Amino acid sequence: MAIENIKTTNGWADQDHVPGIKSELLELNMGPQHPATHGVLRLVLHTDGEIVYKVTPVMGYLHRCAEKIAEGVNYKQWVVYTDRFDYLSPMTCNHAYVTALEKVMQQEVPERAEHIRIVVSELSRMASHLIALATFGLDMGAWTPLLYCFREREVILDLLERISGGRMLYNYMVPGGVRYDIPKDNWASDVIEFITMIENKKLDDYNNLLSYNKIFIGRLANVAVIDEKTAYDYGCTGPVLRGAGVNFDCRKDDPYSLYHKFDFDIPVGKGEMGTVGDCWDRYIVRVREIEQSCRIIRQALESLPEGPYSAIELKKIVKAPAGAAYSRVESSKGELGHYIISDGGQTAFRNKVRSPSFCNLQVIEKVGVGQMVSDLVALIGSLDIVLGEIDR
Amino acid sequence: MDQKEIYELLAEKLGAAALGFNDEGVEAFADVEPGGIADACTFLRDDGRLAFDQLMCLSGIDWDGYDENGKGKSVKILGYTDEGQPETSDRVGEGDFGVVYSLYSHSLRHKFTLRVRTPRTTASVPTVSKIWSTAAWHEREAWDLVGINFEGHADLRRILLEEHWVGHPLRKDYQMPSQWENVPLNGQPYNENPFPKPEPTPDPTPDQPSGDDPAEG
Chain A
2 MAIENIKTTN GWADQDHVPG IKSELLELNM GPQHPATHGV LRLVLHTDGE
52 IVYKVTPVMG YLHRCAEKIA EGVNYKQWVV YTDRFDYLSP MTCNHAYVTA
102 LEKVMQQEVP ERAEHIRIVV SELSRMASHL IALATFGLDM GAWTPLLYCF
152 REREVILDLL ERISGGRMLY NYMVPGGVRY DIPKDNWASD VIEFITMIEN
202 KKLDDYNNLL SYNKIFIGRL ANVAVIDEKT AYDYGCTGPV LRGAGVNFDC
252 RKDDPYSLYH KFDFDIPVGK GEMGTVGDCW DRYIVRVREI EQSCRIIRQA
302 LESLPEGPYS AIELKKIVKA PAGAAYSRVE SSKGELGHYI ISDGGQTAFR
352 NKVRSPSFCN LQVIEKVGVG QMVSDLVALI GSLDIVLGEI DR
Chain B
9 MDQKEIYELL AEKLGAAALG FNDEGVEAFA DVEPGGIADA CTFLRDDGRL
59 AFDQLMCLSG IDWDGYDENG KGKSVKILGY TDEGQPETSD RVGEGDFGVV
109 YSLYSHSLRH KFTLRVRTPR TTASVPTVSK IWSTAAWHER EAWDLVGINF
159 EGHADLRRIL LEEHWVGHPL RKDYQMPSQW ENVPLNGQPY NENPFPKPEP
209 TPDPTPDQPS GDDPAEG
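Residue numbers (our numbering), protein chains in the order written: chain A, 2 to 393; chain B, 9 to 225.
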């Protein structure tokens, strides 16, 4: 859009300016190499001084066209590509894909496998939320929480390495179950020990250090408010939707796997520090979700049934009957869905990925307008996007 | 609400533009005439009995060569050869393009799937981005990767690929490029192990000096 049009559409020309001082819109590139964009995201800003009048996200720097690759490799070979979508919580991405695939295949999954999947997904969600807190603090100028959060995340990475063999990218779930059983060397009790430590001590640490810090609150309260209507309209999901005060979580409201068996709460933003749906609300939802993840993990491990951990032999190539289905799970960023069309073979005819960051990011075209540049950084941090998932 | 009941309400509203309902597969879906999609979506969102306030997913599809009885032999997409060169073919794509709308209602907790098909020659569907803002980027993606035009879209540009990219990669007859901006692309063939087993290295003979020989330092 030409600058002249932006002026009129945003009413810029009517704004009160200092008389006698000529001012004009400045076109500014934020990114792609910018620490506050959480990856290779480029934002083209039109600013008048510090105020942003138009935000145009430009993405695709990480695009690999994984959906095309899905049409060329077989179903099991593609699990490894889902790891690369949300590389901060690959287990939930694995989970989303195998859930959708099993829906098309109409494949039953052993109960033990579902329990293991839930445990590793929740661990992955905790790791992702820890990164979200850490980098959000960093965006706001707090360096120390980063070290605290990465320290705890490291424990999760070690635990997941012990169960899957990979440190960051796991390729752990397969259609019909999981790749390996829980290791025999006290893995489950180590997980329980870790989540007890998080619940009893670490969450209080984060809250004292960051969440209820006066400067942090002052920086985030009432900033970049996303209300309920905007969130629905722009398809926002996950902590962004719950931060807007909506009690919706796919784990509870559209249950998949065995989440309906477990008892946990859905934290929502209540506007404790300002308006419902401001940056602080979206932040605190993540902190409280870590606590709920701990509760789910504890229940899933305590009621872990015996039995097989996969319904399909690992080396077998799977086929899906002809059909199509959309299935979604609650990943750490929001609703992660796959629309899979099968023609009866061992390769997807079409596999569309609906990634939560992609939809959540779109809202900055609306909410980013009228913010200060520094508040835009807070908005991006509170949306907690990951570019691997947006660009796919 | 039951899927069938939703379709009946929709068919009553749309008349001839509602083409049919199918609940034989894993997921039920309704077929709609492309011209009626904007009306259908407005009705589904605004009617109090339906209240579909969220567009979960919008998928652009190239139905070229789809055969539900083909047992996976529908169509082979073009990739790269063993030499890393793009596979070529004279076959021109045929068959329709399709768009699938997956809808969800937060207040009433029900889902619905709408499908439209548009001929390959026109490849054009009215936009729903004025009904759900989230559709704007989904439609840009469908334009970028599949090449479906959305009439009335305010800002239909490529979103993931470069603005001057040629072709739409998710079409079944798309040929991979051999180079991009003078950088050669040496692709791998699908379904083949890109990391073949390395040759076994011979065991080091015990006579060879070890690395921590002080003479080397």
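Quick reminder that beta carbons are idealized off the backbone N, C-alpha and C, glycines included.
Keep in mind the model is a prediction, meaning the values are calculated, not measured.
Inset, instruction - Could you have a look at A/N208 and say whether DSSP puts it in helix, strand or coil? - result: Helix, per DSSP.
Legend entry - Neighbour flag for B/Y15 against chain A, beta carbons, 8 Å: Chain A, which has no Cβ nearer than 8 Å to the Cβ of B/Y15, makes this no.
Legend entry - Partners in chain B for A/K104, counting only beta-carbon separations shorter than 9 Å: Correct list: V34 and E35.
Legend entry - Rounded straight-line distance, which links the Cα of A/V105 to that of B/E35: Going from the Cα of B/E35 to the Cα of A/V105 covers about 9 Å.
Legend entry - Residue environment, B/S132, which counts as buried when at least 16 other CB atoms sit within 10 Å: So B/S132 counts as exposed.
Legend entry - Local conformation of A/E336 per DSSP, three classes: In the structure shown, the three-state DSSP call for A/E336 is strand.
Inset, instruction - Return the first residue and the last residue of the beta strand (DSSP E) that A/M60 is part of. - result: Element bounds for A/M60: n/a, residue is neither H nor E.
Legend entry - Below-8 Å beta-carbon distance, A/Q347 vs any chain C residue: In the structure shown, chain C does not exist; the protein chains are A and B.
Legend entry - Supposed close pair A/I341, A/A323 - CB separation, criterion 8 Å: 11 Å between Cβ atoms; not a contact.
Inset, instruction - Could you tell me whether the Cβ atoms of A/S333 and A/R126 are closer together than 8 Å? - result: Contact: yes.
Legend entry - Proximal chain A residues relative to B/M64, where beta-carbon distance stays under 8 Å: The answer, in chain order, is G236, Y327, R329, E336, G338 and R355.
Legend entry - Inter-stretch contact (C-beta, 8 Å, three-pair minimum) for the region 373-390 of chain A and the region 93-102 of chain B: With the cut-off at 8 Å, the region 373-390 of chain A and the region 93-102 of chain B do not touch.
Legend entry - Cutoff 8 Å: A/Y82 Cβ touching any chain B Cβ: Not one chain B Cβ lies under 8 Å of A/Y82.
Inset, instruction - With distances taken Cα to Cα, identify the nearest neighbour of A/C150 among A/M141, A/S165 and A/F137. - result: A/C150 has its Cα closest to that of A/F137, out of A/M141, A/S165 and A/F137.
Inset, instruction - For B/F37, name the three-state secondary structure that DSSP assigns. - result: Three-state result, B/F37: strand.
Inset, instruction - Could you please give the first and the last residue of the uninterrupted beta strand (DSSP E) stretch that includes A/R43? - result: Per DSSP, the continuous beta strand (DSSP E) segment holding A/R43 begins and ends at R43 to D49.
Legend entry - Beta-ladder partner(s) of B/N157, from DSSP: Per DSSP, B/S132.
Legend entry - CA-to-CA distance, A/K317 to A/I291, given in whole angstroms: One Cα belongs to A/I291, the other to A/K317, and the distance between them is close to 36 Å.
Legend entry - Sub-8 Å separation of A/G246 and A/G275 beta-carbons: No, the Cβ-Cβ distance between A/G246 and A/G275 is not below 8 Å.
Inset, instruction - Note down, in chain order, every chain A residue with its Cβ under 9 Å from the Cβ of B/K81. - result: What B/K81 touches in chain A: D344, G345 and G346.
Inset, instruction - Please name the residue in A/H130, A/S343, A/N172 and A/D282 whose C-alpha comes closest to that of A/G219. - result: Among A/H130, A/S343, A/N172 and A/D282, the Cα nearest to that of A/G219 belongs to A/D282.
Inset, instruction - Name, going along the chain, the residues of the region 162-179 of chain B whose beta-carbon falls closer than 9 Å to a beta-carbon of chain A. - result: The residues in question are D163, R166, I167, L168, L169, E170, P177 and L178.
Legend entry - Closer than 8 Å to chain A by CB, B/V108: Closer than 8 Å to some Cβ of chain A, the Cβ of B/V108 qualifies, so yes.
Inset, instruction - Label A/E153 either buried or exposed according to how many other C-beta atoms from any shown protein chain fall within 10 Å of its C-beta, with 16 as the threshold for buried. - result: Label assigned to A/E153: buried.
Inset, instruction - Would you kindly report the start and end of the unbroken alpha helix (DSSP H) that includes A/T244? - result: The amino acid occupying residue 244 of chain A in the given sequence is Gly; Thr does not appear at that position. Unbroken alpha helix (DSSP H) run through A/G244: P240 to G244.
Inset, instruction - Could you round the C-beta distance between B/E125 and B/F37 to whole angstroms and report it? I think they count as a contact, below 8 Å. - result: Note on residue identity: the sequence assigns Arg, not Glu, to residue 125 of chain B. Contact between B/R125 and B/F37 does not hold, since the beta-carbon distance rounds to 12 Å and is not under 8 Å.
Inset, instruction - Inspect the beta-carbon positions of A/V226 and A/R243 and report whether they are closer than 8 Å. - result: In this structure, A/V226 keeps its C-beta atom at 8 Å or more from the C-beta atom of A/R243.
Legend entry - Delimiting residues of the beta strand (DSSP E) encompassing B/L63: DSSP places B/L63 inside the beta strand (DSSP E), whose first and last residues are Q62 to D70.
Inset, instruction - Have a look at A/T48, A/T83 and A/L221 and flag the residue whose alpha-carbon is nearest the alpha-carbon of A/R65. - result: Proximity to A/R65 across A/T48, A/T83 and A/L221 peaks at A/T83, based on C-alpha coordinates.
Inset, instruction - Find the nearest neighbour of B/W71 within the set B/I85, B/Q62, B/F60 and B/L63, judged by alpha-carbon distance. - result: The option with the nearest alpha carbon to B/W71 is B/I85.
Inset, instruction - Work out the CA separation of A/R289 and B/F158 for me, nearest whole Å. - result: Taking the straight line joining both Cα atoms gives about 41 Å.
Inset, instruction - With a threshold of 16 other CB atoms inside 10 Å of the CB of A/I216, please say whether the residue is buried or exposed. - result: An exposed status is given to A/I216, since fewer than 16 other beta-carbon atoms sit within 10 Å of its beta-carbon.
Legend entry - Same chain, Cβ closer than 6 Å to B/L58, five either side skipped, listed in chain order: Cβ within range, chain order: L52.
Legend entry - Neighbourhood of A/L27 by C-beta distance below 6 Å, restricted to the same chain and skipping five residues each side: If you ignore the 5 residues before and after A/L27, its C-beta comes within less than 6 Å of the C-beta of T48, all in its own chain and listed in chain order.
Inset, instruction - Pull up the DSSP beta-bridge partners for A/F195, would you. - result: Paired residue(s): none; A/F195 is not in a bridge.
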